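Here's the structure, in structure tokens; my notes come after.
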Amino acid sequence: MPALNAIMADSIPPGARGRILSLTIAIPEAVRILSPFVGGWLIEEYTLVPAMRMGYALSLIMALLVAAMRIRYLRETLEKQEFQWDIPRIFRESYSNVWESLKWILSNMRGYSVIAMMLIFIASLVQPFWVVYATEITGLTPLQWGQLSLVAGLAKVAISLLVGSIVDRFGPRRCMALSLLIGAPAMLAFPYARGFMWTTVVYIVLVLGNAFIWISSGVYLANTIPRAVRGRIMAGLGQGVSLGVSGGGYAQGFILFIPAMVGSVVSGFIYEANPVYPWYLNVAVMTLCLVMVLRLMREQDSAEV
15 MPALNAIMAD SIPPGARGRI LSLTIAIPEA VRILSPFVGG WLIEEYTLVP
65 AMRMGYALSL IMALLVAAMR IRYLRETLEK QEFQWDIPRI FRESYSNVWE
115 SLKWILSNMR GYSVIAMMLI FIASLVQPFW VVYATEITGL TPLQWGQLSL
165 VAGLAKVAIS LLVGSIVDRF GPRRCMALSL LIGAPAMLAF PYARGFMWTT
215 VVYIVLVLGN AFIWISSGVY LANTIPRAVR GRIMAGLGQG VSLGVSGGGY
265 AQGFILFIPA MVGSVVSGFI YEANPVYPWY LNVAVMTLCL VMVLRLMREQ
315 DSAEV
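First residue of the sequence shown? That's 15 in our numbering, and the numbers climb one at a time after it.
This is the structure we're talking about:
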């Protein structure tokens, strides 16, 4: 993923990164909406085990197709260098570059890194429990949650296309702040939403905030990290950050693995203590992150190409 992230950032010109990144969300999301229906039809038609085998086989075929397309169509964005299959040297350089990457991040992106670690931690607290809370506490049926997910997926496609242009116009820092302003009240409202309609409305607002922070943080990374070190820095910081809403699954960097892992480990204990605590913690940390975005993050006068 770091190589693919770097190629994408290198290939998209400044000023258009929000719009292009929004397409990378909207198009796959539009296709993904159909997946639950296809999976359900396979299970109903062939029963669970044969359907799982078909699903894995289809995944393999699609992965091979994607690999072939990348080999055929992707072009290197850096000057080609002679590659030598010296495995010990490759390992030495890779791990020595980790420390160089950390030094660069601490010198140039300390504020963003702390914000990203805090957000990935609280996202991992709440992400496993959306459906659990909605069905066990709010009282939605599994069918209603499926309908809510469908509506949220459609909203995500439409919202992402709009958000990209807004990020390009107003800048990623302002849009990250806006995402937290939108997301924190909706996060607080979710445990108190009752009924299918109000739960869906609150969740769509969360999807809006999630789209803003995912696209704006991705644009911020591309605009801030120089092309020469973009791959190794993105290996540490990933593609961006999310609020743990609507699927997640965003590629994380090695710096974010630890807070994400800790959040996943403690999330069950926190939810067991009180089911609303994960959402309360999210609101508190998101509010703190909003202040940090406004005080600690700075945009460069000119974006890196």
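By construction, the Cβ of each residue, glycine as well, lies at the ideal position given by its N, Cα and C atoms.
Quick caveat: nothing in here was measured; it's all calculated off a predicted structure.
Considering only residues of the same chain and omitting the five flanking positions on each side of residue i, which have a CB-CB separation below 7 Å?
| i | result |
| --- | --- |
| A44 | V171 |
| A17 | G245 |
| I292 | Looking at the sequence itself, residue 292 is Pro, so the reference to Ile does not match. Cβ neighbours of P292 beyond the five flanking positions: L139, V140, F143, S281, I284, Y285. |
| A169 | I218, V221 |
| E93 | none |
So, under 8 Å CB-CB, residue i and residue j are touching, yes? Tell me the CB distance rounded to an integer number of Å.
| i | j | result |
| --- | --- | --- |
| R33 | S179 | 6 Å |
| R241 | S115 | Contact flag wrong, Cβ pair sits at about 15 Å. |
| L251 | S127 | 7 Å |
| V216 | A207 | 5 Å |
| S231 | M190 | 6 Å |
| I47 | L164 | 7 Å |
| I134 | Q266 | 7 Å |
| N19 | M248 | 5 Å |
| I151 | P289 | 6 Å |
In or out: residue i buried (at least 16 other Cβ within 10 Å) or exposed?
| i | result |
| --- | --- |
| G263 | Interpretation of G263 is limited by its pLDDT of 47, a score under 50 that renders its predicted location unreliable; the figure taken from the coordinates is listed afterwards. G263 is exposed by the Cβ-count criterion. |
| G167 | buried |
| V255 | buried |
| G1 | Since the first residue shown for the chain is 15 and the last is 319, residue 1 is missing from the structure and cannot be characterised. |
| T214 | buried |
| P156 | exposed |
| G54 | exposed |
| G277 | buried |
| A81 | exposed |
| S174 | buried |
| I39 | buried |
| M311 | buried |
| V63 | exposed |
| F210 | buried |
| L120 | exposed |
| Y234 | buried |
| I239 | buried |
Apart from the five residues just before and just after residue i, which ones in its own chain have a Cβ nearer than 6 Å to its Cβ?
| i | result |
| --- | --- |
| S110 | none |
| I21 | T91 |
| D24 | T91, R241 |
| M10 | With the chain covering 15 to 319 only, the question about residue 10 has no answer from this structure. |
Suppose the cutoff is 8 Å on Cβ atoms and the five residues either side in sequence are ignored; what does the same chain contact list for residue i look like?
| i | result |
| --- | --- |
| N237 | P28, R31, P186, E313, Q314, A317, E318 |
| W159 | V145, A148, T149 |
| I26 | I34, L35, A236 |
| T301 | L194, A198 |
| E59 | A65 |
Nearest chain C C-beta to residue i closer than 9 Å, yes or no?
| i | result |
| --- | --- |
| V171 | In the displayed structure, chain C is absent; only one protein chain is listed. |
Would you say residue i touches the ligand SAH, meaning its beta carbon is less than 8 Å from a heavy atom?
| i | result |
| --- | --- |
| L37 | As presented, the structure is devoid of all ligands, the ligand SAH included, so that no description of it is given. |
Pairs of beta-carbons, one from the stretch 68-88 and one from the stretch 199-217, closer than 8 Å: are there three or more? no
Please go through the stretch 107-191 and give each complete alpha helix (DSSP H) segment of 4 or more residues, from N-terminal end onward. 124-140, 144-147, 156-184
For the stretch 265-285 and the stretch 214-232, state whether three or more C-beta atom pairs, one from each stretch, are separated by less than 8 Å. no
Please determine if the stretch 292-310 and the stretch 200-220 are in contact, where contact requires at least 3 C-beta pairs separated by less than 8 Å. yes
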